[in-house]
Amino acid sequence: MNPSRFFITFFILIIVIPNLLAQNVSNRAIRLVEKSKQARKDRDFARAIEFLEKAIEIDQSYGEPYLALAGIYQLYQQQEKVLLYYSKYSEVTPAEKINPKLWERIAELNFQFGQYEEALQAINHVQSPDSVLKSSIDFSISETENEELIFLDNLPEAINAYQLQYFPVITVDENTIIYTKRNSNSPSSDEDIVISKKLNGEWIPSQSISPLINSENNEGACSISADGRMLVFTSCEGRPSFGNCDLYVSYKIGHNWSKPENMGKEINSSYWDSQPALSADGRIIYFSSNRSGGYGKRDIWMSRFIGETWTEPENLGSKINTPSDEITPYIHVNSKTLFFASDGHVGLGGFDLYLSERIDSVWALPTNLGYPINTNNDEISVIINSKGTHGYYALETSNNGVVSKSEIVKFRFPGDSLMSHHSGYVTGRVIDQNTGEYLKADIEMVNLTDSSDVYKVQSDSVSGGYFLVLTVDNEYGVFVEKSGYLFEDFTFMVKESSILSPDTVDILLTEIKPGARLILENIYFDFDDYHLHSKSISELKQIVSYLKSNPNLVFVIEGHTDGVGSEEYNLVLSENRAKAVYDYLTRQGVSKSRMKYVGFGSSQPLINSESAKDQEKNRRIQFKVLSND
């Protein structure tokens, strides 16, 4: 809720309200109020306050001095005193004589300070109250009556080493944390981005992320891809920009960050663009902006990286954005759960934290994270671990409405998890099978039941490292390619239990040469059938693209079956399956002169075993290189 939205209305109200109940009020008190009016006209507010306080001393039942004092303290933005004097006024004035707008203001101020029962009493005097305010009061009372404990753990001094630390982001393995720090709460204090890593299970003291990223000016509000190799941050001065705050990107190669670059006019505008949130693979960005075309002040926008450029940002729509502010988006690594802060949705006061789940391509109505995660204070940023069991955020301490200290804390949810879509990860290195050299390769992972769910990354050119995020209950096909090498593919079936033990899988690539073979892991057929299953299409499209990039590659498609059934039958089935792949590639423009197909039935098993699991491995389509001249 915005505490200043009624200010103009009530300042006018104070000026025009007549002397109430003046007929039974001390004449001396009335004269003091009149003197205060002249002092206010002269802008001598200290003298006006003195007159009004004396009037109250003389006659505490006189309402007008309370109203006048509330108006003065509103000018000074001292909301505690504004509420105090409005409340005093309401105590000495019959309820029916109080303007409904004033009752609504009293309700809003009580709500702002977390005095929800008092807010309810005030709002009940209003026949047609602000719907969001009334709903927020009811919601807050319900939430605080049914309090659930959350368990807070302050992160160690190695991280909370400054007066202010906030906007934390953390890698999926929770071994690296990056955040914004300031040495003091002075407006002139420099904002920098710092980083800490775990060493033998302990956080080491944080340090500047890079001298190329931090400068004499402010850098903050950053986001990092799941593999920790793409960083987007906010900078508002000292760099080439399109507006007053822009988004910049830096890439980690080996152990070093590149010189930051402005993300370009596709992302940045002449308006305020800030608070980025990257998807796990860094190919979708969410951010907050007050650019034109939105629903309110600051809205949440989204852009995708397609080809070699970012698309024009899209507003996330009226379910997420309101006429007020929506800020600090964070997209969970499952790509389906968005967290953000807002002061426009039903909440407990100030900025609250919300989540929205994406169903197909539509965002659901946001859910308030509830008390005690949210309070009447501002809660503005949060990051949730991959399993949804706990999160991190900045816990603020305020004095007289000014944040005096903030620390990053880890909190655990009362239930098993906050979200319905849990995630885990697979990591490893891409390696030349013969030389052991680390390779930079293109890696594309596709959800085999939802072809729109695509994850694209590259392995690091120095370390060969890669990182894939997997969401529970999905089956993924992974396709790896590098120029001069035979492609590699494999499958992940993600179960709930598997996310507890992240996998480490090294990917071995073989140079293209005659005789090189690989199994097409993501080519599927129904049992005893040779028609391609729909889950095969994603892999086949990638193979077509690979073959077009390697026009001299000549190959044979080999079909193999298990040992169940007669050899004659298996030979025909294996050949028909190989031909189905051959026919698909032909329809997609791959020349017949480059390929042939053959069926081997069950004559070349990978494993000599009668177990169902081993027989399944023997049923396969293989790709064999004939030449690459």
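Here my numbering is used: the first residue of the sequence shown is 1, the next is one more, and so on.
Beta carbons are placed, not taken as given, at the ideal position from N, Cα and C, and that holds for glycine.
Cutting at 8 angstroms between CB atoms, please list the residues of its own chain near residue i, excluding the five before and the five after it.
| i | result |
| --- | --- |
| residue 312 | 266, 303 |
| residue 111 | 1, 119, 133, 136, 137, 140, 349, 376 |
| residue 440 | 430, 458, 459, 460, 461, 464, 482 |
| residue 580 | 525, 530, 531, 532 |
| residue 170 | 176, 177, 178, 383, 385, 392 |
Within its chain, find whatever has a CB closer than 7 angstroms to the CB of residue i; leave out the 5 residues flanking it on each side and keep chain order.
| i | result |
| --- | --- |
| residue 23 | Because residue 23 carries a pLDDT of 45, less than 50, the predicted location of this residue cannot be relied on, and the following value inherits that uncertainty. Contacts found: none. |
| residue 87 | 106 |
| residue 184 | 163 |
What is the residue span of the beta strand (DSSP E) that residue i lies within?
| i | result |
| --- | --- |
| residue 440 | Residue 440 -> no beta strand (DSSP E), and no H or E assigned at all. |
| residue 168 | 164 to 170 |
| residue 326 | 326 to 331 |
| residue 579 | That residue, residue 579, is in no beta strand (DSSP E); its alpha helix (DSSP H) goes 567 to 587. |
| residue 196 | 192 to 199 |
| residue 458 | 450 to 458 |
| residue 478 | 475 to 481 |
| residue 547 | No beta strand (DSSP E) holds residue 547; the alpha helix (DSSP H) holding it covers 537 to 549. |
| residue 281 | First-last for residue 281: undefined, no H or E at that position. |
| residue 399 | 390 to 399 |
Within the continuous alpha helix (DSSP H) that includes residue i, where are the two ends?
| i | result |
| --- | --- |
| residue 28 | 27 to 41 |
| residue 615 | 612 to 618 |
| residue 209 | Segment: none, residue 209 is in no alpha helix (DSSP H) and carries neither H nor E. |
| residue 65 | 64 to 75 |
| residue 139 | 131 to 145 |
| residue 82 | 79 to 92 |
| residue 51 | 45 to 58 |
| residue 116 | 116 to 123 |
Please report the distance separating the alpha-carbon of residue i from that of residue j.
| i | j | result |
| --- | --- | --- |
| residue 327 | residue 301 | 10 angstroms |
| residue 470 | residue 605 | 31 angstroms |
| residue 630 | residue 407 | Nothing about residue 630 can be reported from this structure: the residues present for the chain run from 1 to 629 only. |
| residue 329 | residue 221 | 10 angstroms |
| residue 518 | residue 281 | 27 angstroms |
| residue 387 | residue 412 | 12 angstroms |
| residue 488 | residue 419 | 33 angstroms |
| residue 565 | residue 598 | 19 angstroms |
| residue 36 | residue 344 | 37 angstroms |
| residue 233 | residue 223 | 6 angstroms |
| residue 59 | residue 50 | 15 angstroms |
| residue 448 | residue 323 | 39 angstroms |
| residue 385 | residue 172 | 7 angstroms |
| residue 659 | residue 48 | The structure shown does not extend to residue 659, since the chain spans only 1 to 629, so no value can be given for it. |
| residue 626 | residue 556 | 7 angstroms |
| residue 165 | residue 268 | 26 angstroms |
| residue 148 | residue 369 | 12 angstroms |
| residue 490 | residue 335 | 22 angstroms |
| residue 446 | residue 544 | 15 angstroms |
| residue 168 | residue 146 | 29 angstroms |
| residue 212 | residue 231 | 12 angstroms |
Could you tell me if residue i is buried or exposed, where buried requires 16 or more neighbouring beta carbons within 10 angstroms of its beta carbon?
| i | result |
| --- | --- |
| residue 493 | exposed |
| residue 611 | exposed |
| residue 430 | buried |
| residue 253 | exposed |
| residue 515 | exposed |
| residue 127 | exposed |
| residue 523 | buried |
| residue 288 | buried |
| residue 622 | buried |
| residue 129 | buried |
| residue 181 | buried |
| residue 34 | exposed |
| residue 153 | exposed |
| residue 199 | exposed |
From the DSSP output, in three-state form, read off residue i for me.
| i | result |
| --- | --- |
| residue 21 | Reliability of the predicted coordinates at residue 21 is poor, the pLDDT of 41 falling under 50, and the value obtained from them is presented with this limitation in mind. In this structure, residue 21 counts as coil in the three-state DSSP scheme. |
| residue 110 | helix |
| residue 312 | coil |
| residue 239 | coil |
| residue 344 | coil |
| residue 516 | coil |
| residue 224 | strand |
| residue 365 | coil |
Sorted by chain position, which residues of the same chain lie with C-beta nearer than 6 angstroms to residue i's C-beta, five sequence neighbours on each side aside?
| i | result |
| --- | --- |
| residue 378 | 350, 351 |
| residue 365 | 319 |
| residue 510 | 433, 486, 516 |
| residue 235 | 219, 248 |
| residue 561 | 570, 573, 574, 601, 602, 619 |
| residue 210 | 257 |
At a threshold of 7 angstroms, does residue i count as lining the ligand ADP (C-beta to nearest heavy atom)?
| i | result |
| --- | --- |
| residue 241 | The model depicted lacks the ligand ADP and carries no ligand whatsoever. |
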